[in-house]
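> Quick one: the structure is below, and I'll ask about it shortly.
Structure below.
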């Protein structure tokens, strides 16, 4: 990214504390970049006029190479321990560690700091990219984390002068932010008073349940409902009478859906429980003294310390209260990691914790490096007894990103069993005879897009090209039909609407829309296909290969050329341009026989993506959960 201006200033946030300073720089001939701006200032003439003449530039509207984000994650991991040493002596950390009787709870603070570092480094690397050429005077005005931006851990170019602001308005804004975080320390009591019934003279019996299932996923009864189907199966798996859904989302609709489907459930807002005198005594003698100490000391602490402390104290109330009313053998979380403080409390009570990761995402597919380097700032610091995963690749991903998992169970790709069961007629789908809905040809190519966003590896423009190239494919292969399944609601990326409408109108293409009303899953589409094409590197190609369906990836941006990119080591799997895509479609549809395809699966897919390739992953999952 280039900039030929002589004087540039960057603002983290143009708010009431920085508005006048911003206008002053504009009046003095500076080009002003900003990461955020309060909406109230957008109508003011100095802002509106300079936005129009490009003297004031919104960084969120700029596109950056994806390697910038992976570099930020790498340096967040690299510098985390050194930066965290500054905070290890915090009395809040010491007190909550004593409350939990575990030093492992410190990882809650590390995880929160990782997020801070990633935000700081992403911001700094964007500034470096913008000023790469020709800028002589560069000023950066951060709202937060001045010490990090000006420390030896900063990634900012030497051209950048970090300017501290300590005027009354800035100090007042910081104080308000601090007070907000301190007030939120009262949140554990909000939960307690909303959840607890008056103390009885005698504690009722604890409810014994085999499985507690965390209902934390968005769309749990919609586009993510298939994850429930992997776990609950009245015939082959766990009957719903043995599963308690634990709702942490506070979404009122969930209670309606639980009752609709006949699931047992509890939550931390609506369903009141009586607590034991033992638990009440524990709150008074153990929790309240620690909470009061943290409340008194919080004003001296960094915001991430206060926020982490709140997470830990909230979990202490929630899960001790839960365990006072319920006895569960196993606790399951799907896809989204649990708080460390939560799993520590569950394990202390003898509950076996399970994390099910029904995905093949491993963070580094768009990075030209080996997978021994950490690359995630989300799937980090998990503490669980058991992880249910696909294959070796995902295991390495979790191991390198600071997770503490006692046992890995590599069961294979869960969706592959659904594909097999559909093909064998063991389960039904109204989407399965899809080719009859539009009189598609006998030979079907299933196409899966991905999240096309300008902060990701595949941009919106790549999404448009992806759609255009599928239309070219229909033109070049008149004997095929296409089933095109979109991943995101089209309203999230309206720029794709015109090309998707063209696909929808094509006589040999059926578009499976993402809809809240009519929900279909990837395995339903794969079961209809002779070949699968996935935008790089969404998990649907892994699902297809594990179900012994031919599949390729399409690197539509053409950026992942180097041999160091993981999937480039799989021969004839990744197309980097339309010519590649055309060649691979022809190769897999017409040139490769079943023996050659099976040899490819055994050589490259087995172990790495799926250890078995027998389409029985859900059976293995059920066996593990039953034992």
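In the numbering used here, the protein residues as written are 49 to 675.
Cβ atoms here follow ideal geometry from the backbone N, Cα and C, with glycine treated the same way.
1) Between the C-alpha atoms of residue 197 and residue 83, what's the straight-line distance to the nearest angstrom?
2) Could you tell me the alpha carbon to alpha carbon distance between residue 192 and residue 563, rounded to whole angstroms?
3) Closer than 8 Å is the cut-off here; do at least three beta carbon pairs connect the stretch 126 to 138 with the stretch 154 to 170?
4) Assuming residue 529 contacts residue 489 (C-beta within less than 8 Å), just tell me the rounded distance between them.
5) Just verifying my parser: in three-state terms, what is the DSSP assignment at residue 554?
6) Short of 6 Å in beta carbon distance, which residues of its chain neighbour residue 232, apart from the five on each side in sequence? Order them along the chain.
7) By a C-beta neighbour count over all protein chains shown, 10 Å radius and 16 as the cutoff for buried, is residue 174 buried or exposed?
8) Nearest-angstrom Cα distance between residue 387 and residue 178?
9) If we count the other Cβ atoms within 10 Å of its Cβ and call it buried at 16 or more, is residue 648 buried or exposed?
10) Hey, out of 377, 216, 523 and 95, whose CA is closest to residue 72's CA?
11) Whole angstroms is fine: what's the gap from residue 331's alpha carbon to residue 298's?
12) With DSSP as the reference, label residue 312 as helix, strand or coil.
13) Quick check on residue 262: does DSSP put it in helix, strand or coil?
14) Rounded to whole angstroms, what's the CA-CA distance from residue 126 to residue 213? Just pull it up for me.
15) Does the pairing of the stretch 326 to 345 with the stretch 253 to 263 give three or more beta-carbon distances under 8 Å?
16) In whole angstroms, what separates the C-alpha of residue 378 from that of residue 668?
17) Is there contact here, the stretch 207 to 221 with the stretch 52 to 68, by at least three beta-carbon pairs under 8 Å?
18) Quick check: what's the CA-CA separation for residue 645 versus residue 533?
19) Verify whether the separation of the beta carbon atoms of residue 351 and residue 229 is less than 9 Å.
20) Please name the residue in 617, 61, 418 and 479 whose C-alpha comes closest to that of residue 558.
21) Taking the alpha-carbon of residue 546 as reference, which of 205, 573 and 511 has the nearest alpha-carbon?
22) Using only alpha-carbon positions, find the residue among 266, 628, 499 and 605 that is nearest to residue 382.
23) CB-CB under 6 Å to residue 568, same chain, minus the five flanking residues each way: which ones, in chain order?
24) Here's the rule: buried if 16 or more other CB atoms are within 10 angstroms of the residue's CB, otherwise exposed. What is residue 234?
25) For the beta strand (DSSP E) that contains residue 127, what are its first and last residues?
26) If I measure Cβ to Cβ from residue 367 and keep anything under 7 Å in the same chain, skipping five residues before and after, which residues do I get?
27) Check whether the stretch 656 to 664 and the stretch 430 to 440 are in contact - that is, three or more C-beta pairs closer than 8 Å.
Answer, in terms of the structure:
1) 15 Å
2) 40 Å
3) yes
4) 4 Å
5) coil
6) 358
7) buried
8) 36 Å
9) buried
10) 95
11) 23 Å
12) strand
13) strand
14) 29 Å
15) no
16) 17 Å
17) yes
18) 25 Å
19) yes
20) 479
21) 511
22) 266
23) 479 and 560
24) exposed
25) First-last for residue 127: 114 to 132, but that is the alpha helix (DSSP H), not the beta strand (DSSP E).
26) 390, 393 and 394
27) yes
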